[in-house]
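Input: a single structure, listed below in structure tokens.
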Amino acid sequence: MSQPDVKQGDILIVDDTLPNLRYLQNLLTERGYEVRGVPSGRMALMVAHNEPPDLILLDIRMPDLDGYDVCRQLKADPKTCDIPVIFISAMDAVLDKVKAFDVGGVDYITKPFQIDEIIARVENHLTIRLLQRQLQEANRNLSTANDDLRHANRSLQASTEELDAFARTMAFDLKNPFAAIIGYAELLRETLQDENTPNVEDMELLEQIMRSGRQGIRIIDALLLLARVRQDAVETGAIDMAVVFHDVLRRLKRMKEDSQAELTMPDQWPLAIGYGPWLEEVWINYVSNAIKYGGQPPHVVLGATPMADNTIRFWVRDNGPGVAAEVQDNLFTHFTRLDKVGQGHGLGLAIVRRIIEKLGGEVGVESNAGQGSLFYFTLPAFRFDG
119 MSQPDVKQGD
129 ILIVDDTLPN
139 LRYLQNLLTE
149 RGYEVRGVPS
159 GRMALMVAHN
169 EPPDLILLDI
179 RMPDLDGYDV
189 CRQLKADPKT
199 CDIPVIFISA
209 MDAVLDKVKA
219 FDVGGVDYIT
229 KPFQIDEIIA
239 RVENHLTIRL
249 LQRQLQEANR
259 NLSTANDDLR
269 HANRSLQAST
279 EELDAFARTM
289 AFDLKNPFAA
299 IIGYAELLRE
309 TLQDENTPNV
319 EDMELLEQIM
329 RSGRQGIRII
339 DALLLLARVR
349 QDAVETGAID
359 MAVVFHDVLR
369 RLKRMKEDSQ
379 AELTMPDQWP
389 LAIGYGPWLE
399 EVWINYVSNA
409 IKYGGQPPHV
419 VLGATPMADN
429 TIRFWVRDNG
439 PGVAAEVQDN
449 LFTHFTRLDK
459 VGQGHGLGLA
469 IVRRIIEKLG
479 GEVGVESNAG
489 QGSLFYFTLP
499 AFRFDG
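Offset between the sequence shown (1-based) and my numbering: plus 118.
Below, the structure written as structure tokens:
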């Protein structure tokens, strides 16, 4: 039989019969336990309260205070109420056993003693006691960790709200100067165009100023959308992607024409649950990226696949060079661009992820070098009642 850990084996034996007390003390001490013995119930209560043991072996029949009363008082004391008590009885009466459990005992041993029985019961209840303490400690640590986490979440929430409020204020303040720059540049361009021979370099510089100004406004709009998605609560419903795509194609008309992109999409889309204005932004990001990073000319295929988990997987496939495996995991994080030299601001896919996750779906990419890319998102499928 394995030797117990002394640190987890402090045993108090209570028996008014001194030969029995010495026998049990010697038996358990030889097996590595730390053992204390007292001959009366009143002494047991005092010793246990002052220095609580891990386990108590308690004789039932004692003259000053019997084992039942001792156990009741132990269980009423907050310092000793959790200590397991094994009763010792010279009788094997069912009534004694039932009463022992009623007053809070966890087990019993009968006289004459059986060594294997004593050791087995002691080891079992010390093990249970040890596991209970470990569980209590784990629960305390978990409670502390939960308190810390709640505090951190509250602090993070407050910081996030302050940051969003600051970003919105700054974004609105920044849009006005950008709009003014674009307006003045357009006015100056018109003035130069009225001249018989406008300077070509001046005209190109003005175009660059206006492009940069429009790009600045797009970045601001993206930041505002990112903040709105985090904060706003929207009412979702059945979405017909054909309706959403009417506005998507209108917004991408010039880009599509300039790139001579070919778009292929289903004649009919399955219904999903979502929020139209946000999904329009998702498609704008996916389709514009597919055109921008597609082949020459871009060939973009869109589709939707019902999934077994009652979701719909919407996807966009391009004929571009593909996305390297080592960067795919970070594509949907803030300020990550599909290429390092492009003109994007790295917010588009982060917005896509935030929108779709808030709508209860997932985003992802499948790509192999030289074989194009497939970007997708999932949404809950709409089910007709009845």
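Don't be surprised by glycine CBs; every beta carbon is placed ideally from N, CA and C.
- For the beta strand (DSSP E) containing GLY421, list its first residue and its last residue. 417-424
- Task: Consult DSSP for VAL124 and reduce its assignment to one of helix, strand or coil.
- Result: Since pLDDT at VAL124 reaches only 41, below the 50 mark, its modelled position is unreliable, and no value is offered.
- Between LEU192 and ASP225, what straight-line distance do the alpha-carbon atoms span, to the nearest angstrom? 15 Å
- Query: Out of curiosity, what's the CA-to-CA distance linking GLY159 and ASP187?
  - Reply: Inter-residue distance for GLY159 and ASP187 is about 8 Å (C-alpha atoms, whole angstroms).
- Task: Please confirm if ARG154 has its CB atom under 8 Å from at least one CB of chain C.
- Result: Protein chain content of the structure displayed is limited to a single chain, and chain C is not contained in it.
- ARG140, buried or exposed, once every other Cβ within 10 Å from all chains shown has been counted against 16: Of the other Cβ atoms in all chains shown, fewer than 16 fall within 10 Å of the Cβ of ARG140; this residue is therefore exposed.
- Query: Where ASN403 and GLU322 are concerned, what is the direct C-alpha to C-alpha distance, given to the nearest angstrom?
  - Reply: 28 Å
- Message: Can you confirm whether the stretch 242-261 touches the stretch 212-222 when touching is taken to mean that 3 or more C-beta pairs between the two stretches lie within less than 8 Å?
- Response: no
- In terms of DSSP beta bridges, what is ASP266 paired with? According to DSSP, ASP266 bridges with nothing at all.
- Smallest Cα separation from ILE430: which of ALA303, LEU477, GLN414 and THR451? Of the listed residues, the one whose Cα sits closest to ILE430 is LEU477.
- Message: On a Cα-Cα basis, can you pick out the residue from SER406, GLN143 and GLN386 that is closest to GLN378?
- Response: SER406
- For the beta strand (DSSP E) that LEU492 lies in, which residues bound it at each end? Following the DSSP letters along the chain, one finds LEU492 inside the beta strand (DSSP E) bounded by residues 491-498.
- Is DSSP giving ASP320 helix, strand or coil here? helix
- Exposed or buried, what is SER273 when buried is set at 16 or more other beta-carbons lying within 10 Å of its beta-carbon? exposed
- Considering only C-alpha positions, which residue in the set THR135, ILE131 and PRO157 is nearest to TYR151? Selection THR135, ILE131 and PRO157 evaluated against TYR151 yields ILE131 as nearest (Cα-Cα).
- Query: CA-CA distance, VAL362 and GLU319?
  - Reply: Taking the straight line joining both Cα atoms gives about 41 Å.
- Query: With 16 as the cutoff for other CB atoms within 10 Å, does THR423 come out buried or exposed?
  - Reply: exposed
- Uninterrupted alpha helix (DSSP H) stretches inside the stretch 167-200 (no shorter than 4 residues): 185-194, all fully within the stretch 167-200.
- Length of the line joining the Cα atoms of SER485 and PRO439: 9 Å
- Query: Can you list, in chain order, the residues of its chain whose CB lies under 6 Å from that of ARG307, leaving out five sequence neighbours each side?
  - Reply: Cβ within range, chain order: LEU324.
- Item | Residue(s) in a DSSP beta bridge with PHE432 | ALA422 and PHE495
- Sort out for me which residues DSSP pairs TYR302 with in a bridge. Answer is none; TYR302 lacks a bridge partner.
- Would you tell me roughly how many angstroms separate the C-alpha atoms of ASN383 and TYR494, rounded to the nearest one? According to the sequence displayed, residue 383 carries Met and not Asn. The alpha-carbon atoms of MET383 and TYR494 are separated by roughly 14 Å.
- Item | Span separating the alpha-carbon of ASN242 from that of LEU449 | 55 Å
- Message: I'd like to know whether the C-beta atoms of ILE129 and PRO171 end up nearer to each other than 8 Å.
- Response: yes
- Message: Give me the DSSP bridge partner(s) of GLU152.
- Response: For GLU152, which the question treats as bridged, DSSP gives the partners ASP128.
- Bridge partner(s) assigned by DSSP for GLY392: GLY355
- Query: Roughly how many whole angstroms lie between the Cα atoms of GLU398 and ASN257?
  - Reply: Their backbone Cα atoms lie some 47 Å apart in a straight line.
- Task: Grab me the residues of VAL203's own chain with a C-beta within less than 7 Å of its C-beta, minus the 5 sequence neighbours each way, in chain order.
- Result: Around VAL203: ILE174, LEU176, CYS189, LEU192, GLY222, GLY223 and VAL224.
- Given VAL400 as reference, the closest of VAL434, ASP266 and GLU255 once Cα atoms are compared: Nearest option by C-alpha distance: VAL434.
- Message: Tell me which residues share the same chain as VAL391 and place their Cβ nearer than 8 Å to its Cβ, disregarding the 5 neighbours each side in the sequence.
- Response: The sequence given here places Ile at residue 391; Val does not occur at that position. THR354, GLY355, ALA356, ILE357, LEU477, GLY478, LEU497, PRO498, ALA499 and PHE500, listed in sequence order.
- Name the residue from ARG329, GLU169 and ARG471 whose alpha carbon lies nearest to the alpha carbon of GLY301. ARG329
- Could you spell out where the alpha helix (DSSP H) holding GLU480 opens and where it closes? Per DSSP, GLU480 belongs to no alpha helix (DSSP H) and is neither H nor E.
- Can you tell me which of the three DSSP states GLY488 falls into? Three-state result, GLY488: coil.
- Query: Using the rule of at least 16 other Cβ atoms within 10 Å of the residue's Cβ for burial, across every protein chain shown, is LEU420 buried or exposed?
  - Reply: buried
- How is TYR141 classed by DSSP in three states: helix, strand or coil? helix
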